Every structure is written in structure tokens, then in C-alpha cells.
Amino acid sequence: MEGPIPNGICSLNNLGFLSLSYNEFCRTVPACLGNITSLRYIYLSSNKFNSAIPSSFGSHGDLLHLDLSSNYLSGSLPSEIGSLKAATLLNVSMNQISGVIPSAIGGPFANFTSKSFMSNERLCGTPQLQVPACRASLSGKRRTKRVLLIVLITLAVSLIVVAIIIPSIPVLHCDLKPNNVLLDENIIAHVGDFGTAKLLGMGESMAQTQTLATLGYMAPKYGSEGLISKKCHINSFGIMLMETFTRRKPTNEILSGDMTLKDWINASWPDAVSEVIHANLMRLEEDLTGMVHGGCQTTKNKIYIKTYSQN
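UniProt numbering puts the sequence shown at residues 1 to 311.
1) State buried or exposed for isoleucine 5, treating a residue as buried only when at least 16 other CB atoms are found within 10 Å of its CB.
2) Kindly list the residues whose CB is nearer than 6 Å to the CB of glutamine 130, restricted to its own chain and excluding five residues on each side of it in sequence; keep chain order.
3) Indicate the three-state DSSP secondary structure (helix, strand or coil) for phenylalanine 25 in the structure shown.
4) How many Å lie between threonine 37 and alanine 52 at the Cα?
5) Going by beta carbon distance, what residues of the same chain come within less than 8 Å of threonine 260, once the five residues before and after it are set aside?
6) If you compare alpha carbons, which of Glu80, Asn71, Ser83 is closest to residue 312?
7) Does DSSP classify aspartate 263 as helix, strand or coil?
8) Since leucine 66 contacts alanine 86 with CB under 8 Å, what's their CB separation in whole angstroms?
9) DSSP three-state label for arginine 248, please.
10) Short check: CB of threonine 246 to CB of valine 276, under 7 Å?
11) Going by C-alpha distance, which of Met94, Leu73, Phe17, Ile81 is nearest phenylalanine 112?
12) Would you kindly check if the distance between the Cβ of serine 116 and the Cβ of glycine 99 is under 7 Å?
13) Using only alpha-carbon positions, find the residue among Leu20, Leu155, Ser69, Asn23 that is nearest to leucine 90.
14) Take glycine 8 as the anchor and find which of Val92, Leu152, Ala267, Leu33 has the nearest alpha-carbon.
15) Identify whether glutamate 2 lies in helix, strand or coil by the three-state DSSP scheme.
16) Drop a sphere of 10 angstroms on the beta-carbon of threonine 88, count the other beta-carbons inside from all chains shown, and report buried for 16 or more, exposed for fewer.
17) Within a Cβ cutoff of 6 Å, which residues of the same chain sit near leucine 44, ignoring the five residues on either side of it in sequence?
18) Cutting at 8 Å between CB atoms, please list the residues of its own chain near asparagine 252, excluding the five before and the five after it.
19) Measuring alpha carbon to alpha carbon, tell me which residue in Leu155, Ala156, Gly3, Tyr41 is nearest asparagine 23.
20) Determine the contact status of glycine 58 and arginine 40, defining contact as a CB-CB distance below 7 Å.
21) Rounding to the nearest angstrom, what Cα-Cα distance links serine 83 and isoleucine 265 in this structure?
22) Less than 8 Å between C-beta atoms, sequence neighbours within five positions excluded: which residues of the same chain meet that for serine 74?
23) Quick one: what's got a C-beta closer than 7 Å to proline 78's C-beta in the same chain, skipping five residues either side?
24) In this structure, how does DSSP classify cysteine 124 when only helix, strand and coil are distinguished?
25) Just to confirm the assignment, what range does the beta strand (DSSP E) spanning asparagine 91 have?
26) Assuming phenylalanine 17 is part of the beta strand (DSSP E), what are its boundary residues?
27) Does DSSP put serine 83 in a helix, in a strand, or in coil?
28) At which residues does the beta strand (DSSP E) containing isoleucine 42 begin and terminate?
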């Protein structure tokens, strides 16, 4: 026999045994078979069915045997199959089923062995079922690549702006007070708009002779050890990114003990990064996760420039 199974089979309410194996039935497996409460045995192996397995089979609590092997069935295994508590035989081998074997299958049901799932190359699950271990899905891999691309582009553009464009912009200095002017070893004045001369205390004259000057604004913590970085503004830029997208400051009450804003974000990366991004910005979650991670990355390395000392 060949062709689709007639729809009239669904009206056989007293049907208890159905065996249509070794024929050429095709197209879909009738979902109505799962609604015939008197049906205990279903054998549809060695046909040409090319549909997904109907989830209605899982609602048939009294079904004992279900054999769908040697067809062209595709899609994933319905999680409802795990509800077949009375079943002693389940065979979906020799098909094209993909995805994860539901955790309920093969656990409480001792008769659901590896033979039930063999020769489905894209099926994965627990080791006792002798199928490959599940890996990240292709969509997950594409998402990871997209996030990495966003991070790289964000960092590249940021570094270009900070390291090339900003230093080349002329600055009109209107506040030329003495504490805004620093002299180098050649008695050449360097002007800073943010009071960089105040980084080192008045009593640290030796440290002042060792540290010549800074480029633009530099936070006090970068001068506390006498180690000055031309790229300290990159670190500040990373902090700014993290503050912008989390809407939190490094002094926020959620950051208790020794935990910093960067530590808090790193602990949530990448599985729970949506918990650190502010709720108002979640419409752009994929792009923002990359930017927040980029903010963490720019604060990881300390790049110091050589300082000079006068003997």
C-alpha cells in the first residue's frame, strides 16, 4: 500500500492494534492516532513518512508500543513522549530526527535504550543512550560570532577616536592658571584643562621631578604610583561604557566589599549579561552586550610609558 493514511482511520474509536509496517505510506503520521484511547500498539516502521512526530502521542497514557523506525521523520522529539509511563517499546531509529532527546526519556523508562534512537545523526543527549553529546546550536554560534564582531568593531572605532582623532583637535585654553601649566625638562609649558598638576601632593617634590606631564585628563589613581599611561583615557573610556549601559556608578550600593563594577559585569558575562544592562536599554540587547563587554576589556591591561628622573 502507498500514499497517505486515510483520514477515516481517526474514526475507529475501538481500534486497539495498528500495524502498517513495510508499506509505502508517505507524508504525515496522523496526529489523530494519539487521540484513540483504546489504541495500545502502533507499528508504522519501514514506510516513507517525512513529517515530524505528532506530540499527541504523548497524551496517550495507555500506549504500550510505538514503532516509527525506518522512515524519513524529521524535526525534534516531542517532550510529551516522556509522558508515556506505560510504554515498554519506543523505536524512532533510522530517521532524520534532530535536536535534544528529552531528559525524561531514558531516565525513568528502562526500556528506552540506545536502540530506540540509533541512526539519527543529528540527535544528541545523555551518554547512556549512546548518542553524541549536545553542543551549542548553530544559532547560538552565529549569535556568539555576531557579539564578538560587535565588540571588535566597537573597540576598533573607540581606539581610533581616542588615539588619533581626539589628540588632533585644537583646544582653546581659557583657564590658564598657574596650577594648569606644567613644565617639562626643556622648560616647555604644557597646559592641562583639568588641573592635572594637583595629582601629586605639595610634599612630594621628588615624585614631581620624576613625572613630567600627562596628556589631557587623568584620574588620580593613575598617578598614585608614579606610573603614567598615555592610554589611561582608554581605561576611563571602558569605565564610561560600563556606567552608560548599566546605569550604575562604581560606588553603587550593589557593589559591596571588594567587588568593582568590572567584576560585577564579568561575573555575569555572557550567560546573565541581560541582568546588568539597564531595563530601558534591553531593546538593543545584542548590541549592548558587546559594548558592555568591550568596556570591561578596555580596563584589563595597564600600558605604562617610560618616566624620566633627574639625578
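C-beta: ideal position from N, C-alpha, C; glycine also. Source: prediction; values computed, not measured.
The relevant details are as follows:
1) For this step, residue 5 is matched to residue 5 along the sequence shown. With 16 or more other Cβ atoms within 10 Å, it is buried.
2) By 1-based counting over the sequence shown, the position of residue 130 is 130. Cβ neighbours of glutamine 130 beyond the five flanking positions: Ser114.
3) For the purposes of this step, residue 25 is taken as residue 25 along the sequence shown, with counting starting at 1. The answer is strand: DSSP assigns phenylalanine 25 an E or B state.
4) Reading the sequence shown from its first residue, position 37 is the one you call residue 37. Reading the sequence shown from its first residue, position 52 is the one you call residue 52. If I take the Cα positions, the gap works out to 21 Å.
5) Your numbering for residue 260 matches position 260 in the sequence shown. Same-chain partners within the cutoff: Pro250.
6) Residue 312 cannot be examined here, being either before or after the span of the chain that is shown, 1 to 311.
7) Working through the sequence shown from its first residue, we reach residue 263 at position 263. Residue state, collapsed to three classes: helix.
8) What you label residue 66 is simply residue 66 of the sequence shown in a count that begins at 1. What you label residue 86 is simply residue 86 of the sequence shown in a count that begins at 1. At roughly 11 Å, the Cβ-Cβ gap does not stay under 8 Å, so leucine 66 and alanine 86 are not in contact.
9) Taking the first residue of the sequence shown as 1, we reach residue 248 at position 248. Three-state result, arginine 248: coil.
10) Locating residue 246 in the sequence shown gives position 246, counting from the first residue. Locating residue 276 in the sequence shown gives position 276, counting from the first residue. In terms of Cβ geometry, threonine 246 and valine 276 form a close pair [threshold 7 Å].
11) For this step, residue 112 is matched to residue 112 along the sequence shown. Nearest option by C-alpha distance: Ile81.
12) Taking the first residue of the sequence shown as position 1, residue 99 is located at position 99. Taking the first residue of the sequence shown as position 1, residue 116 is located at position 116. In this structure, glycine 99 sits away from serine 116, with a CB-CB distance that is not shorter than 7 Å.
13) Here residue 90 refers to the residue found at position 90 of the sequence shown. Nearest C-alpha to leucine 90: Ser69.
14) In the sequence shown, the residue the question calls residue 8 occupies position 8. The alpha carbon of glycine 8 has as its nearest neighbour, out of Val92, Leu152, Ala267, Leu33, the alpha carbon of Leu33.
15) Walking along the sequence shown from the start, residue 2 turns up at place 2. Glutamate 2 falls in the strand class under three-state DSSP.
16) For the purposes of this step, residue 88 is identified with residue 88 of the sequence shown, where counting begins at 1. The residue in question, threonine 88, is exposed, as its Cβ has fewer than 16 Cβ neighbours within 10 Å.
17) Walking along the sequence shown from the start, residue 44 turns up at place 44. Closer than 6 Å at Cβ, skipping near neighbours: Leu20, Leu68.
18) Reading the sequence shown from its first residue, position 252 is the one you call residue 252. Only Leu261 meet the Cβ criterion.
19) Translated into the one-based positions of the sequence shown, residue 23 becomes position 23. With distances taken between Cα atoms, asparagine 23 lies closest to Gly3.
20) Here residue 58 refers to the residue found at position 58 of the sequence shown. Here residue 40 refers to the residue found at position 40 of the sequence shown. Contact: no.
21) The residue you call residue 83 lines up with position 83 of the sequence shown. The residue you call residue 265 lines up with position 265 of the sequence shown. Those two C-alpha atoms are separated by around 41 Å.
22) As a working mapping, residue 74 is identified with position 74 in the sequence shown. Cβ neighbours of serine 74 beyond the five flanking positions: Asn50, Ser51, Ala52, Asn95, Gln96, Ile97, Ser98.
23) Counting from 1 along the sequence shown, the entry for residue 78 is found at position 78. Once the five neighbours on either side are set aside, the close Cβ partners of proline 78 are Ile53, Ser55, Gly58.
24) The residue you call residue 124 lines up with position 124 of the sequence shown. Reduced to three states, the DSSP call for cysteine 124 is strand.
25) The residue you call residue 91 lines up with position 91 of the sequence shown. From DSSP, the beta strand (DSSP E) with asparagine 91 extends over 89 to 91.
26) As a first step, residue 17 must be located in the sequence shown, where it is residue number 17. In this chain, the beta strand (DSSP E) harbouring phenylalanine 17 covers 17 to 19.
27) Here residue 83 corresponds to residue number 83 of the sequence shown, with the count starting at 1. Correct three-state label for serine 83: helix.
28) Position 42 of the sequence shown, counting from 1, holds the residue named residue 42. Run containing isoleucine 42: 41 to 43, per the beta strand (DSSP E) assignment.
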